[in-house]
Amino acid sequence: MTEKDNIKAQQDSIILEEKPWINLKGYKAKLDRGKPQWFIFLWWLLEGLIFPLTPHNFSGLRCSLLRLFGAKIGQGVVIRASARVYFPWKLEIGDYSWIGENVYIYNLDNVKIGSHTVISQKSYLCTGSHNIKNANFELTTAPIFIGNGVWIASDCFISLGVKIGANTIIGARSTVLKSIPSQKIAWGNPCKIIKNRTLSDI
Numbered sequence: 499m500t501e502k503d504n505i506k507a508q509q510d511s512i513i514l515e516e517k518p519w520i521n522l523k524g525y526k527a528k529l530d531r532g533k534p535q536w537f538i539f540l541w542w543l544l545e546g547l548i549f550p551l552t553p554h555n556f557s558g559l560r561c562s563l564l565r566l567f568g569a570k571i572g573q574g575v576v577i578r579a580s581a582r583v584y585f586p587w588k589l590e591i592g593d594y595s596w597i598g599e600n601v602y603i604y605n606l607d608n609v610k611i612g613s614h615t616v617i618s619q620k621s622y623l624c625t626g627s628h629n630i631k632n633a634n635f636e637l638t639t640a641p642i643f644i645g646n647g648v649w650i651a652s653d654c655f656i657s658l659g660v661k662i663g664a665n666t667i668i669g670a671r672s673t674v675l676k677s678i679p680s681q682k683i684a685w686g687n688p689c690k691i692i693k694n695r696t697l698s699d700i
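Reminder that position 45 of the sequence shown reads as 543 in my numbering, one-by-one numbering, no gaps.
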């Protein structure tokens, strides 16, 4: 082993010897799940078994299953078979909206999606995080609201507490950490407003 390798090994050892600032042993998830544990497990079981096996165009069946577990879903909604919803009873989707392939709606808190809105493939809506100022890594949640006529392009991350106004477009692979007003085009990591959008653009 060279002297350079020895120095690197010592540095790695020091990193692993440093004391952690958080104590996960003391972590307790204080979360209002909204339903009893057996009901939640039943949903996860059925979603894991039924959703992946349904044909591509059977959105009506998938919407019916979500409604059965408490979701509020409008007419003409398209939900692909690989999409996942953590708690259906905390989800509301307006009419004629689309939820694409491998979209994950991690709705520990409420998620409301307007009408004629598109959430494209591999996008992740996350209503949960952790308090980095708390030694026990306390769970924090906040709702997500996405307005009418919005397009969330593929592979976007939408963080807790974010509100996206009507007729706004979020570009692909954006990380949205703050709310975006109506009628904007925005993208980036972090997501920033690029320009206004008007009806004359259509």
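Here a beta-carbon is modelled for each residue, glycine too, at the ideal position from N, C-alpha and C.
Source: prediction; values computed, not measured.
Mind checking which residues open and close the beta strand (DSSP E) that includes residue i?
i           : result
residue 627 : 626-628
residue 643 : 642-644
residue 611 : 609-611
Taking all protein chains shown into account, decide if residue i is buried (16 or more other Cβ within 10 angstroms of its Cβ) or exposed.
i           : result
residue 629 : exposed
residue 655 : buried
residue 541 : buried
residue 564 : buried
residue 595 : buried
residue 662 : buried
residue 605 : buried
residue 545 : buried
residue 623 : buried
Would you kindly check if the distance between the Cβ of residue j and the Cβ of residue i is under 8 Å?
i           : j           : result
residue 588 : residue 616 : no
residue 585 : residue 626 : no
residue 619 : residue 652 : yes
residue 650 : residue 678 : no
residue 621 : residue 646 : no
residue 575 : residue 603 : no
residue 572 : residue 597 : no
residue 557 : residue 577 : yes
residue 675 : residue 527 : no
residue 511 : residue 550 : no
Leaving aside the five residues before and after residue i along the sequence, list all residues of the same chain whose C-beta is less than 7 Å from its C-beta, in chain order.
i           : result
residue 693 : 683
residue 640 : 607, 625, 658, 659
residue 559 : 552
residue 691 : 678, 682, 684
residue 567 : 541, 586, 587
Does the beta carbon of residue i come closer than 8 Å to any beta carbon on chain C?
i           : result
residue 683 : Among the chains in the structure shown there is no chain C, since it carries only a single protein chain.
Can you give me the Cβ contacts of residue i inside the same chain, cut-off strictly under 6 Å, excluding the 5 residues immediately before and after it?
i           : result
residue 688 : 673, 675
residue 643 : 610, 661
residue 648 : 615, 662, 666
residue 569 : 586, 589
Excluding the 5 residues flanking residue i on each side, which residues of the same chain have their C-beta closer than 8 Å to its C-beta?
i           : result
residue 633 : 519, 520, 521, 524
residue 670 : 618, 651, 652, 653, 654, 685
residue 543 : none
residue 593 : 572, 573, 574, 575, 613, 614
Could you spell out the range, first to last residue, of the alpha helix (DSSP H) harbouring residue i?
i           : result
residue 635 : Unbroken run through residue 635: none, as it is neither H nor E.
residue 549 : Note, residue 549: premise wrong, no alpha helix (DSSP H); not H, not E.
For this session: List in chain order: all unbroken beta strand (DSSP E) runs of 3+ residues lying wholly within the stretch 639-689.
Result: Fully enclosed beta strand (DSSP E) runs of 3 or longer: 642-644, 682-685.
For this session: Could you name each continuous beta strand (DSSP E) segment of 3 residues or more that falls completely within the stretch 554-606, going from the start of the chain to the end?
Result: Qualifying beta strand (DSSP E) stretches, in chain order: 589-591, 602-604.
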